[in-house]
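Participant: Right, I'll just put the structure down here and ask away after.
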Amino acid sequence: MLSLILLGSSLAGAAYAQSPYGAVPSQFSNSSLAGTTVTTDFGTFTYSKASACACSQLSTSYSENLFFPNNANYTHYNLEAWDKRTNADPACIFRPVTADQVAAGVGIINTCDAQFAIRGGGHMNFPGANNINAGVMIALAGLNGLQISSDNTTVEVGPGNRWFDVYSYLEPYGRIVIGGRLKTIGVPGLTLIGGVHYFNNKYGFAMDNVVKFDVVLGNGTQVVASSNSSSDLFWALKGGANNFGVVTKFTLKTHAIPLVSTTIQAYNESGVEAFLHATCNLAANNDPSIAAGAVTSVSYNVTTGFVSATLLGAQAGAESPPSRFANFTAIPSLRAINKVSSLASFASKLDSPLQYFRVEFGVHAMKPDGPVLYEMFKIWKAAVDEVKDVVGLYPTFVANMDPKSANTIAKTNGIGNIWGRDDTESSIWWQMSTGWDLPQDDLRMTVWIQKVMGILNAYAIANNASCAESDFIYMGDAGEWQKPFDTIPAANIEKLKTIRNKYDAGGVFTRLNWGGFKLPH
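So, in structure tokens, the structure goes:
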């Protein structure tokens, strides 16, 4: 087993720089794969010397875990993602089943100087985020262990799990964790970028509920990051995404919530104004005395002209209907379904199928101002008509609630997170989520989304709906053209760069693993 024991802050960053694997063996540096052209379901690529080196060496060392194009396992793991825009042609797919195998694989990739991508649940929705053309894809699906502690207060979670797996495992114990709201969202991506859950108002974000990360660094060594071991890396991983290493195990706090009271409510267009006002009211007044939160969205069917607003609400406990959503219940609805169940049972109904469609996000923050948000919805709806001829168009306007108490956990737990956000003002993270069917519409849709996002954000600012956090861009809902790290405090960015230089002196997770949102140089 590869391991690295840190002996205090006196260790220099150079201690992490050298690979334990040494020089590239000649039989792999001269691999016959180099220069070979392969055609797959998505296109054609040619093996570089680096990718040939990595794939050949991985195949020799882990033949049962390494898949080449046009193999059934390759196809399966390549398509194990939600958004079709992320589909790519990796040179090979490595599916490790232990942390030691991850460490060995990263060491080989580093030594071969090969580009690579990492896939957990595959829910990050833009090209390059969790797949790669002509490089190595590391699929973490095989690291799917789950183990609750003897006192039930923490659970060890492998990065191959999706949140529904975790909720289902914890259900017999009457415990939950703070994780994703939809069934198929993966554990690592959501946790490393922040993590919105129904109960953020009381327990903070998913990243704030991690008590330990087991991490493979760029040179193939393994470290444990916690409040008392590699604490600088521990902090950096709370929002720092995939810039520092591969997390092979998350140890998460659990919370004793055996039952949740849920409400699903739907409204037609006549109820949208009141619906968005209720959303802003809940964001502004959702104090932590009751753990509660919701997914609130408005969709527009351009074919039928039908507009539908939907509330997916959850509140800890068995009070039904859940009182925290009284302002929504007062709005005349098309339907309202109230139920008390486990969180796992509720999540089981909220699927986002794999390979569903092509989708792009964009997000900004604003004050919870109902009248302004409603006007923004009307501007958005009118703009959607500009692209109504796009095949399979599925536009949604989302208003995620960010109650100020969600940031209190990080400010009071002695650790914090990279966001460094204030807890004196609530906000709305409004989001455009737009789906469509055909790749030939990708460029048109990206240009349109950027344009409309700019119009809506300018409207919010012009109408005094900006707030202390108005420039914050949540990475989990951002478009690939947005720059979430630019909205992090400058002092925190400099601290993150220092930590990156210490733990990844070779720049493996910047230079070779280039997908996703990257910390600036």
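Mature numbering (1 follows the signal peptide of the UniProt record, and there is no 0) puts the sequence shown at residues -17 to -1, 1 to 504.
Ideal Cβ positions, reconstructed from N, Cα and C, are used throughout, including at glycine.
Keep in mind the model is a prediction, meaning the values are calculated, not measured.
Rounded C-beta distance between Leu153 and Val193? I'm assuming under 8 Å.
Facilitator: With a Cβ gap of about 16 Å, Leu153 and Val193 do not count as contacting.
Participant: Taking the DSSP output, what are the residues bridged to Cys95?
Facilitator: Answer is none; Cys95 lacks a bridge partner.
Participant: Using the Cα positions of Thr43 and Leu175, report the straight-line distance between them to the nearest angstrom.
Facilitator: Spanning the two alpha carbons is a distance of roughly 32 Å.
Participant: Do Leu216 and Tyr486 have their CB atoms nearer than 8 Å?
Facilitator: Taking 8 Å as the Cβ cut-off, Leu216 and Tyr486 qualify as a contacting pair.
Participant: Give me the residue from Gly499, Ile401, Val207 and Asn383 with the minimum Cα distance to Thr280.
Facilitator: First, the amino acid is wrong: residue 280 is Ser here, not Thr. Comparing Cα-Cα distances from Ser280 to each of Gly499, Ile401, Val207 and Asn383, the minimum goes to Asn383.
Participant: Whole alpha helix (DSSP H) runs in the segment 409 to 452 with 4 or more residues, listed along the chain?
Facilitator: DSSP runs (the alpha helix (DSSP H)) wholly in the segment 409 to 452: 425 to 445.
Participant: Report the CB separation of Gly125 from Gly103 in whole angstroms; it is logged as a contact under 8 Å.
Facilitator: With 8 Å as the limit, Gly125 and Gly103 do not qualify as a contact, their Cβ atoms being about 12 Å apart.
Participant: Suppose the cutoff is 6 Å on Cβ atoms and the five residues either side in sequence are ignored; what does the same chain contact list for Tyr457 look like?
Facilitator: Taken in chain order, the residues that qualify are Val346 and Trp412.
Participant: Going residue by residue through the segment 343 to 374, where are the continuous alpha helix (DSSP H) segments of at least 4 residues, counting only ones entirely within it?
Facilitator: Runs of the alpha helix (DSSP H) inside the segment 343 to 374: 353 to 367.
Participant: Output the distance between the C-alpha atoms of Asp406 and Lys67, rounded to the nearest integer angstrom.
Facilitator: Asp406 and Lys67: Cα-Cα distance of roughly 37 Å.
Participant: Given this structure, state the Cα-to-Cα distance separating Asn284 from Ser213, to the nearest angstrom.
Facilitator: Rounded to the nearest angstrom, the two C-alpha atoms are 50 Å apart.
Participant: If contact is defined by three or more beta carbon pairs under 8 Å, each pair taking one atom from either stretch, is the segment 359 to 371 in contact with the segment 157 to 174?
Facilitator: Flag = no, the segment 157 to 174 and the segment 359 to 371 do not touch.
Participant: Which stretch, first to last residue, makes up the beta strand (DSSP E) that contains Asn383?
Facilitator: Its beta strand (DSSP E) spans residues Tyr377 to Asp385.
Participant: Taking the alpha helix (DSSP H) that Phe217 falls in, what are its first and last residues?
Facilitator: Segment Ser214 to Ala219, the alpha helix (DSSP H) holding Phe217.
Participant: When DSSP labels each residue in this structure, what does Pro171 get in the three-state scheme?
Facilitator: Correct three-state label for Pro171: helix.
Participant: Quick one, are the C-beta atoms of Gln298 and Ala274 less than 8 Å apart?
Facilitator: Yes, Cβ-Cβ distance for Gln298 and Ala274 is below 8 Å.
Participant: What residue range is occupied by the uninterrupted beta strand (DSSP E) comprising Thr20?
Facilitator: Element bounds for Thr20: Thr20 to Thr22.
Participant: Who does Gly276 pair with in a DSSP beta bridge?
Facilitator: Gly276 pairs with Ala297.
Participant: Could you tell me the distance, in whole angstroms, from the CA atom of Val435 to the CA atom of Glu369?
Facilitator: Taking the straight line from one Cα to the other gives about 11 Å.
Participant: In terms of alpha-carbon separation, which member of Trp402, Gly490 and Leu426 lies closest to Phe455?
Facilitator: Taking only the C-alpha atoms, the option nearest Phe455 is Trp402.
Participant: May I have the straight-line CA-CA distance separating Asn440 from Asp420, to the nearest angstrom?
Facilitator: Between Asn440 and Asp420, the C-alpha separation is close to 27 Å.
Participant: When burial is assigned at 16 or more other CB atoms within 10 Å of the CB, is Ile240 buried or exposed?
Facilitator: When all chains shown are included, Ile240 counts as buried.
Participant: Just curious, the beta strand (DSSP E) that Ala396 is in, first and last residue?
Facilitator: The residue asked about is misnamed: residue 396 is Asn in this sequence, not Ala. Careful: Asn396 lies outside any beta strand (DSSP E) and carries neither H nor E.
Participant: Can you look up Asp83 in the DSSP assignment and give me helix, strand or coil?
Facilitator: If DSSP states are grouped into helix, strand and coil, Asp83 belongs with the helices.
Participant: Asn499: buried (16+ other C-beta within 10 angstroms of its C-beta) or exposed?
Facilitator: The sequence shown places Gly at residue 499, not Asn. Under this definition Gly499 is a buried residue.
Participant: Residues in the same chain with beta-carbon distance under 8 Å from Asn93, minus the five sequence neighbours each way, listed in chain order, please.
Facilitator: Closer than 8 Å at Cβ, skipping near neighbours: Ser2, Tyr4, Gly201, Asn202, Gly203, Gly489, Val491 and Leu495.
Participant: Please confirm whether Val80 and Asn48 have their CB atoms less than 8 Å apart.
Facilitator: Yes, the pair counts as a contact, with Cβ atoms nearer than the cut-off.
Participant: Taking just the CA atoms, how far does Ser324 sit from Ser303?
Facilitator: If I take the Cα positions, the gap works out to 11 Å.
Participant: Taking the CB atoms as reference points, tell me whether Met415 and Phe344 lie closer together than 8 Å.
Facilitator: Yes; because the gap between Cβ atoms is below 8 Å, this pair is in contact.
Participant: How big is the Cα-Cα spacing for Ala(-4) and Ile482?
Facilitator: The predicted model places Ala(-4) with a pLDDT of 37, which falls under 50 and marks its position as unreliable; any figure quoted below should be read in that light. Computed Cα separation, rounded: 12 Å.
Participant: Going straight from the alpha carbon of Trp146 to that of Asp96, what length do you get?
Facilitator: Going from the Cα of Trp146 to the Cα of Asp96 covers about 33 Å.
Participant: Taking the alpha-carbon of Ile101 as reference, which of Pro110, Asn114 and Phe468 has the nearest alpha-carbon?
Facilitator: Selected option, being the one with the closest Cα: Asn114.
Participant: Would Gly397 be called buried (16 or more neighbouring beta carbons within 10 Å of its own) or exposed?
Facilitator: So Gly397 ends up on the exposed side.
Participant: When the distance is taken between beta carbons, is Ala74 closer than 8 Å to Gly118?
Facilitator: Result yes, Cβ atoms of Gly118 and Ala74 sit closer than 8 Å.
Participant: Using a Cβ-Cβ cutoff of less than 6 Å, which residues in the same chain neighbour Asn310 once the five nearest sequence positions on both sides are dropped?
Facilitator: Only Ala261 and Asn264 meet the Cβ criterion.
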